[in-house]
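2 protein chains.
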Amino acid sequence: MDTKTQNRLDAKARIIKAMAHPTRLFIVETLAKHEHCVCELTALIGADVSTVSKHLSILREAGIIDDEKRGSSVYYQLKMPCVMGFFSCVDTVIKANAQGQLKCVR
Amino acid sequence: MDTKTQNRLDAKARIIKAMAHPTRLFIVETLAKHEHCVCELTALIGADVSTVSKHLSILREAGIIDDEKRGSSVYYQLKMPCVMGFFSCVDTVIKANAQGQLKCVR
DNA sequence: CTCCTATTTGGCAATATCGCCAAATCGCCA
DNA sequence: TGGCGATTTGGCGATATTGCCAAATAGGAG
């Protein structure tokens, strides 16, 4: 594998890794509906604010979400809505796996 | 976040995590062209066979690739081609990030 | 049966990720 | 200016991931 391919795949993996966490998936799905501030997301997730803030910064640095200060709050919004389409493939995989499981039992 | 959502997102994250690694992305992209045995993939990747084998088993357990023994080799193939569409969104994100970088420099 | 090749598994050290607490910032308002 | 609510950052222990080596396993050829 040459260096160029390596770098390309590193960049790709970094973006995908940013989404490879249940809490961050929740954030993306929630922001897909409409923007939310950190305090709202924290309440929905039920974790420490600092934890949520770090998850948000991971998604922001990956370029998947965007932040905007307004008043005393920071509002986050989904910058790359195409990731939602990305997820439908994942659901397909999950469904296929479940069907495979069924076949073994029968 | 209720338990049902939690479980759903855990399953989703597990699939995505399986792809969140440069070597595993390389494997998926390579298998998208056509099937390959472990030894071929190992030669292309340039890592230890055991390392490649473990990456393959991670992708297999996620249900993304399939294996088939034939002769003395094990051939792997892409079971879920929709992940390739999934990747095009990631490329879009990378391109958008690069464009954002440019704007800062200018 | 024995050797040889292909692959998987066990184990280990290095590294990265996660979630919480505490502390630092930042803007706003009295 | 001082305090307050919202958010981010630093740091730490716990846990997970990664890649290599060595060893186990599986199948075919002689």
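Just so you know, the protein sequences line up as chains A and B, in that order. Going by the working numbering, the letters in the first sequence line up with residues 1 to 106, in that order. Going by the working numbering, the letters in the second sequence line up with residues 1001 to 1106, in that order. Beta carbons are placed, not taken as given, at the ideal position from N, Cα and C, and that holds for glycine. As the structure is a computational prediction, the values presented were derived from the model and not from experiment.
How far does the alpha helix (DSSP H) with residue i in it extend, from its first residue to its last?
i, result
"residue 1069(B)", "Residue 1069(B) -> not in any alpha helix (DSSP H); beta strand (DSSP E) instead, spanning 1065-1070."
"residue 22(A)", "22-33"
"residue 1019(B)", "1003-1019"
"residue 1085(B)", "1083-1105"
"residue 79(A)", "From DSSP, residue 79(A) is part of no alpha helix (DSSP H); its letter is neither H nor E."
How many whole angstroms separate the CB atoms of residue i and residue j, which I take to be in contact at a CB cut-off of 8 Å?
i, j, result
"residue 79(A)", "residue 58(A)", "Not really, about 14 Å apart at Cβ, beyond 8 Å."
"residue 16(A)", "residue 1027(B)", "The Cβ separation is near 14 Å, so there is no contact."
"residue 62(A)", "residue 13(A)", "Their Cβ separation, rounded to whole angstroms, is 11 Å, which puts residue 62(A) and residue 13(A) out of contact at 8 Å."
Output the distance between the C-alpha atoms of residue i and residue j, rounded to the nearest integer angstrom.
i, j, result
"residue 73(A)", "residue 1101(B)", "26 Å"
"residue 1024(B)", "residue 1037(B)", "15 Å"
"residue 1031(B)", "residue 22(A)", "27 Å"
"residue 1011(B)", "residue 1035(B)", "26 Å"
"residue 92(A)", "residue 1106(B)", "42 Å"
"residue 1054(B)", "residue 1044(B)", "16 Å"
"residue 41(A)", "residue 83(A)", "19 Å"
"residue 66(A)", "residue 5(A)", "28 Å"
"residue 1002(B)", "residue 48(A)", "16 Å"
"residue 98(A)", "residue 1098(B)", "39 Å"
"residue 9(A)", "residue 56(A)", "23 Å"
"residue 1071(B)", "residue 1081(B)", "26 Å"
"residue 1085(B)", "residue 46(A)", "33 Å"
"residue 50(A)", "residue 1104(B)", "28 Å"
With distances taken from CA atoms, which of the options is nearest residue i?
i, options, result
"residue 1007(B)", "99(A), 105(A), 94(A)", "94(A)"
"residue 90(A)", "5(A), 20(A), 13(A)", "20(A)"
"residue 52(A)", "76(A), 99(A), 33(A), 70(A)", "76(A)"
"residue 60(A)", "1014(B), 1018(B), 1081(B), 1096(B)", "1096(B)"
"residue 1029(B)", "1087(B), 1062(B), 1104(B)", "1087(B)"
"residue 69(A)", "46(A), 39(A), 50(A)", "39(A)"
Could you check what DSSP says for residue i in three-state terms: helix, strand or coil?
i, result
"residue 1039(B)", "helix"
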